[in-house]
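With my numbering as the guide, the letters of the sequence shown map in order to residues 35 to 159.
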Amino acid sequence: MLLERVKASSFKIIRDKHISNQPTEKAMNKRANKYKMNLNLVSLANGEKPELEKAIELEFDNHDEIFGLIERSKEKNLFDNPQQSVEFTIGLKLFSEVMLKNRNHPLFEAFAPAFRDFMKKLKSM
């Protein structure tokens, strides 16, 4: 079995206090919920079982209570399949937390305004 352990909160953010009034990662982690997730490859797209069992155990912090968000997402019936609401919420929270912790990274520079609009629309639904 291939097992990788990833600790998502093992990096530091460098920021200028005069430019940003956002909380530091240290301050965010004090208020963060701690999660552990296991991801296993069960079958390949062609239906075959993988030769090697692959799994990742991921520990991460998130400022939101994700299980509550999953329930609200399912209640809103955003998608025809309720399972997709779970997938969407988990994916969105993993992505958005990394983006939040790295808000000054050039990778997110052009995307951030559109993401803010997307989140406003999602929260209004």
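Ideal Cβ positions, reconstructed from N, Cα and C, are used throughout, including at glycine.
Using only CA atoms, which one of 88, 115 and 69 lies nearest to residue 99?
Here the closest residue by C-alpha is 69.
Can you give the Cα-Cα distance for residue 65 and residue 106, rounded to whole angstroms?
In a straight line, the C-alpha of residue 65 is about 21 Å away from that of residue 106.
Touching or not, the region 81-100 and the region 126-133, by the rule of three or more beta carbon pairs under 8 Å?
Touching, per the Cβ criterion.
Just to confirm, is the Cβ distance from residue 110 to residue 159 under 8 Å?
Against a cut-off of 8 Å, the Cβ pair of residue 159 and residue 110 comes out as a contact.
If you draw a straight line from the C-alpha of residue 108 to the C-alpha of residue 124, how long is it?
Approximately 12 Å, taken between the alpha carbons.
Quick one: grab the DSSP three-state call for residue 73.
Residue 73: strand per DSSP, three-state reduction.
What does the alpha-carbon distance come out to for the pair residue 142 and residue 85?
Taking the straight line joining both Cα atoms gives about 37 Å.
By the 10 Å Cβ neighbour count, where 16 or more other Cβ atoms means buried, how is residue 96 classified, buried or exposed?
Buried, since its Cβ has 16 or more Cβ neighbours within 10 Å.
Taking the C-alpha atoms as reference points, what is the distance between residue 146 and residue 136?
C-alpha separation (whole angstroms): 11 Å.
Rounded to a whole number of angstroms, what is the C-alpha to C-alpha distance between residue 78 and residue 87?
When rounded, the distance between both Cα atoms is 11 Å.
Given this structure, state the Cα-to-Cα distance separating residue 72 from residue 112, to the nearest angstrom.
Straight-line Cα distance between these residues: approximately 25 Å.
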